[in-house]
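Residue numbers (my numbering), protein chains in the order written: chain A, 1 to 108; chain B, 1 to 109. The C-beta atom is built at its ideal place from N, Cα and C for all residues, glycine as well. Note that this is a predicted model, so its numbers are computed, not measured.
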Amino acid sequence: EDQVTQSPEALRLQEGESSSLNCSYTVSGLRGLFWYRQDPGKGPEFLFTLYSAGEEKEKERLKATLTKKESFLHITAPKPEDSATYLCAVLYGNKLVFGAGTILRVKS
Amino acid sequence: SQTIHQWPATLVQPVGSPLSLECTVEGTSNPNLYWYRQAAGRGLQLLFYSVGIGQISSEVPQNLSASRPQDRQFILSSKKLLLSDSGFYLCAWLGQGKFFGPGTRLTVL
Numbered sequence: 001e002d003q004v005t006q007s008p009e010a011l012r013l014q015e016g017e018s019s020s021l022n023c024s025y026t027v028s029g030l031r032g033l034f035w036y037r038q039d040p041g042k043g044p045e046f047l048f049t050l051y052s053a054g055e056e057k058e059k060e061r062l063k064a065t066l067t068k069k070e071s072f073l074h075i076t077a078p079k080p081e082d083s084a085t086y087l088c089a090v091l092y093g094n095k096l097v098f099g100a101g102t103i104l105r106v107k108s
Numbered sequence: 001s002q003t004i005h006q007w008p009a010t011l012v013q014p015v016g017s018p019l020s021l022e023c024t025v026e027g028t029s030n031p032n033l034y035w036y037r038q039a040a041g042r043g044l045q046l047l048f049y050s051v052g053i054g055q056i057s058s059e060v061p062q063n064l065s066a067s068r069p070q071d072r073q074f075i076l077s078s079k080k081l082l083l084s085d086s087g088f089y090l091c092a093w094l095g096q097g098k099f100f101g102p103g104t105r106l107t108v109l
C-alpha cells in the first residue's frame, strides 16, 4: 500500500537548536514531493516542491532535500515563530497524499 | 493572481442534515482540485480529486460526494451528515502556487 510517513510526530527545540524532520514514502511513480507549514486553525501554507532525487530547495532557515525514498526538512537556528505543524505530501498520478505531520515547538 | 475561495468559514449542522460546501478558484483554468478533511490534531485525509469538469475520483466510500459542475468550481456534498463528519474541510488547487483555501470548520451535533 502506498504510504507517506513523517517522523518524529512532535519535536521540541530550543531557539537556535538545529534539527531535521523526515518524510518517507513508498509510492510508485512519484511526480513531486511537497512541504507545507500549517498554523492552528489555518490551511497549509506551501513551502517547497521537490521533483527528483538529489534536488534541494532553501528558504530562510529551511532547507528541503529529496532522495529516492525520503525527504528531509532541515531547520537551521530555529526561532519561536517557526513553531507550527510541518506537512509533507507526495503526488503520484493525480493523487496528492499527505503524511500525518510533525508538530514543531521552538522555545526561547 | 491565483486565489481559492471556500465558504462558509464555519458551519454547525445537526446529525442527518444535508451539506454543501463550495470551492471556487480564480486566476487559472482547468486546475486539478482536491477536497481534504482534517480531524482535530490529525493529518489531511484525501476525500476527492478532480482533473476536469464532471471528472471525480473518490478516496472514501462513505456518505460524502463531490461534483465539478464548472471548470473552477468544486462542491462537496452529503445527503445526511454523521457525527464523524465533523472536521476541517480544505479545498486545494495543485497549480503553480499549490494553494489551499481558507477551510470550512464543520461541527455536526
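Beta-carbon proximity check, residue i vs residue j, cutoff 8 Å
{"i": "residue 106 of chain B", "j": "residue 84 of chain B", "result": "no"}
{"i": "residue 6 of chain B", "j": "residue 102 of chain B", "result": "yes"}
{"i": "residue 29 of chain A", "j": "residue 86 of chain A", "result": "no"}
{"i": "residue 78 of chain A", "j": "residue 15 of chain A", "result": "yes"}
{"i": "residue 94 of chain A", "j": "residue 15 of chain B", "result": "no"}
{"i": "residue 34 of chain B", "j": "residue 82 of chain B", "result": "no"}
{"i": "residue 105 of chain A", "j": "residue 37 of chain A", "result": "no"}
{"i": "residue 102 of chain A", "j": "residue 33 of chain A", "result": "no"}
{"i": "residue 57 of chain B", "j": "residue 65 of chain B", "result": "no"}
{"i": "residue 109 of chain B", "j": "residue 100 of chain B", "result": "no"}
{"i": "residue 47 of chain B", "j": "residue 104 of chain B", "result": "no"}
Nearest candidate by alpha-carbon position, reference residue i, set the options
{"i": "residue 71 of chain B", "options": "B:25, B:59, B:91, B:10", "result": "B:25"}
{"i": "residue 69 of chain A", "options": "A:60, A:7, A:27, A:11", "result": "A:27"}
{"i": "residue 49 of chain A", "options": "A:59, A:76, A:104", "result": "A:59"}
{"i": "residue 5 of chain A", "options": "A:80, A:72, A:83, A:108", "result": "A:72"}
{"i": "residue 68 of chain B", "options": "B:98, B:23, B:80, B:109", "result": "B:23"}
{"i": "residue 88 of chain A", "options": "B:60, B:80, B:98, B:48", "result": "B:98"}
Residues that residue i contacts on chain A, provided the C-beta gap is smaller than 7 Å
{"i": "residue 32 of chain B", "result": "94"}
{"i": "residue 51 of chain B", "result": "94"}
Chain-order list of residues whose beta-carbon lies under 6 Å from that of residue i (same chain, five-residue window excluded)
{"i": "residue 63 of chain A", "result": "74"}
{"i": "residue 57 of chain A", "result": "48, 64"}
{"i": "residue 49 of chain B", "result": "34, 57"}
Neighbourhood of residue i by C-beta, 8 Å cutoff - its chain only, sequence neighbours within 5 removed
{"i": "residue 55 of chain A", "result": "65, 66"}
{"i": "residue 80 of chain A", "result": "15, 106, 107, 108"}
Chain-ordered chain B contacts of residue i [CB-CB under 8 Å]
{"i": "residue 49 of chain A", "result": "98"}
{"i": "residue 90 of chain A", "result": "The contacting residues do not exist; residue 90 of chain A stays about 11 Å from chain B at best."}
Where residue i meets chain B, residues with beta-carbon distance less than 7 Å
{"i": "residue 44 of chain A", "result": "100"}
Beta-carbon proximity list for residue i, same chain, < 7 Å, skipping 5 on both sides
{"i": "residue 30 of chain B", "result": "52, 71"}
Supposed close pair residue i, residue j - CB separation, criterion 8 Å
{"i": "residue 84 of chain A", "j": "residue 43 of chain B", "result": "Rounded, the Cβ-Cβ distance is 14 Å, inconsistent with contact."}
Proximal chain A residues relative to residue i, where beta-carbon distance stays under 8 Å
{"i": "residue 46 of chain B", "result": "95, 96, 97, 98"}
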